[in-house]
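In my numbering, the protein residues as written are 9 to 226.
Backbone N, C-alpha and C fix where the C-beta goes; we use that ideal spot for every residue, glycine too.
All of these numbers come straight from a predicted model, not from anything done at the bench.
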Ligand code: CDP
Ligand code: CDP
């Protein structure tokens with residue numbers, strides 16, 4: 009294979025980006041970076057400091073430490089919103105750019121996020137854009153978050169409605185922002201995972217990776 013292999017996995021909230029990117033990294037022996045965690049950790053720092061995530065978050069981004077990414081409270085609904093708010097600030101994105109590029113530069117990597125194929129690694133050998141219907145994504149995120157508490161059918165539907173509304177609002181904000189909006193790179197291959205379980209998505213992705221590498225003489 010010629011040159012390092014970078015695989016970009018982008019897509020909307022709860023589409024299965026992380027599940028796919030982690031599995032691809034395992035299958036191909038590459039490092040994996042969840043770039044959403046960077047924005048989540050910056051949002052978390054703002055909330056902890058009693059600041060609105062809409063205020064200037066560049067100092068929080070510049071102060072980020074490896075242990076910030078290992079915190080266990082980065083996946084709450086409050087942090088979802090804070091991450092999206094700080095992610096709309098160009099100075100925050102600039103502060104996090106070199107770390108992401110450096111992560112993939114030496115040995116190659118699989119990175120998942122919103123702008124990996126468009127901004128972070130516009131020359132990535134393989135770009136995947138994972139989608140699923142809003143309802144499927146909301147159901148998956150709800151199942152992921154809910155734990156073991158019993159719930160009746162009406163409660164389930166109402167809870168999924170609430171998750172769906174949050175996902176839609178976050179996708180709308182991420183798509184509408186001026187800097188590094190959520191969108192597929194022109195050369196990304198889209199995988200609609202609505203009817204596919206995680207294993208089927210991985211098989212499809214590996215097929216695309218092999219085809220791309222064959223095309224690029226890798
Ligand atoms: O897992 P989920 O798709 O819900 O979110 P995430 O990937 O952890 O990203 C959280 C938020 O960070 C997103 O809503 C985006 O606003 C932002 N983000 C971004 O702007 N660029 C990235 N490369 C990754 C995340
Ligand atoms: O990283 P992102 O927010 O895009 O999604 P994720 O955390 O990888 O996936 C969200 C949830 O959907 C997880 O609980 C996955 O196990 C599940 N999932 C699924 O049910 N079917 C897929 N094809 C992919 C993910």
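- Task: In the DSSP assignment, find the beta strand (DSSP E) that holds residue 121 and state where it starts and stops.
- Result: In the DSSP assignment, residue 121 falls within the unbroken beta strand (DSSP E) covering 117-121.
- Roughly how many angstroms lie between the CA atoms of residue 22 and residue 128, to the nearest whole one? If you draw a straight line from the Cα of residue 22 to the Cα of residue 128, it is about 21 Å long.
- Query: Does the count of Cβ pairs from the stretch 19-34 and the stretch 94-102 closer than 8 Å reach three?
  - Reply: Output reads no: the stretch 94-102 does not touch the stretch 19-34.
- Query: Would the beta-carbon of residue 29 fall within 7 Å of that of residue 135?
  - Reply: Note that the C-beta distance between residue 29 and residue 135 is not below 7 Å.
- Task: Please go through the stretch 80-131 and give each complete beta strand (DSSP E) segment of 3 or more residues, from N-terminal end onward.
- Result: Taken in chain order, the complete beta strand (DSSP E) segments of 3 residues or longer contained in the stretch 80-131 are 117-121.
- Item | the stretch 44-64 touching the stretch 79-90, judged by at least three CB pairs closer than 8 Å | By the C-beta criterion, the stretch 44-64 is judged to be in contact with the stretch 79-90, since at least 3 inter-stretch pairs fall below 8 Å.
- Item | For residue 210, the first and last residue of its enclosing alpha helix (DSSP H) | 206-223 is the span of the alpha helix (DSSP H), which, as asked, contains residue 210.
- If residue 108 sits next to residue 119, beta carbons under 8 Å apart, how far is it from one beta carbon to the other, in whole angstroms? Here residue 108 really is in contact with residue 119; their C-beta atoms are around 7 Å apart, less than 8 Å.
- Task: Following the continuous beta strand (DSSP E) through residue 23, name the residue where it begins and the one where it ends.
- Result: Residue 23 -> no beta strand (DSSP E), and no H or E assigned at all.
- Report buried or exposed for residue 101, applying the criterion of at least 16 other Cβ atoms within 10 angstroms of its Cβ. Burial check for residue 101: the Cβ neighbour count within 10 Å reaches 16 or more, so the residue is buried.
- Query: Taking the continuous alpha helix (DSSP H) assigned at residue 147, which residues delimit it?
  - Reply: Judged by DSSP secondary structure, residue 147 falls within the alpha helix (DSSP H) whose first and last residues are 142-154.
- Measuring from the CB of residue 209, is there a heavy atom of ligand 2 at a distance below 6 Å? Result yes, Cβ under 6 Å from ligand 2.
- Query: Thinking just about the alpha-carbon of each residue, which of 14, 20, 12 is nearest to the one in residue 191?
  - Reply: Nearest C-alpha to residue 191: 20.
- Task: Over the uninterrupted alpha helix (DSSP H) stretch that includes residue 42, give me the two end residues.
- Result: Following the DSSP letters along the chain, one finds residue 42 in no alpha helix (DSSP H) but inside the beta strand (DSSP E) bounded by residues 40-42.
- Query: Which residues in the same chain have their Cβ closer than 7 Å to the Cβ of residue 213, if we skip the five residues on either side of it in sequence?
  - Reply: Here the set comprises 28, 32, 136, 199.
- Task: Find the nearest neighbour of residue 146 within the set 165, 117, 61, judged by alpha-carbon distance.
- Result: With respect to the C-alpha of residue 146, the residue from 165, 117, 61 having the closest C-alpha is 165.
- Query: Between 70, 116, 58, which lies nearest to residue 133 when the distance is taken from Cα to Cα?
  - Reply: Relative to the Cα of residue 133, the nearest Cα in the group 70, 116, 58 belongs to 116.
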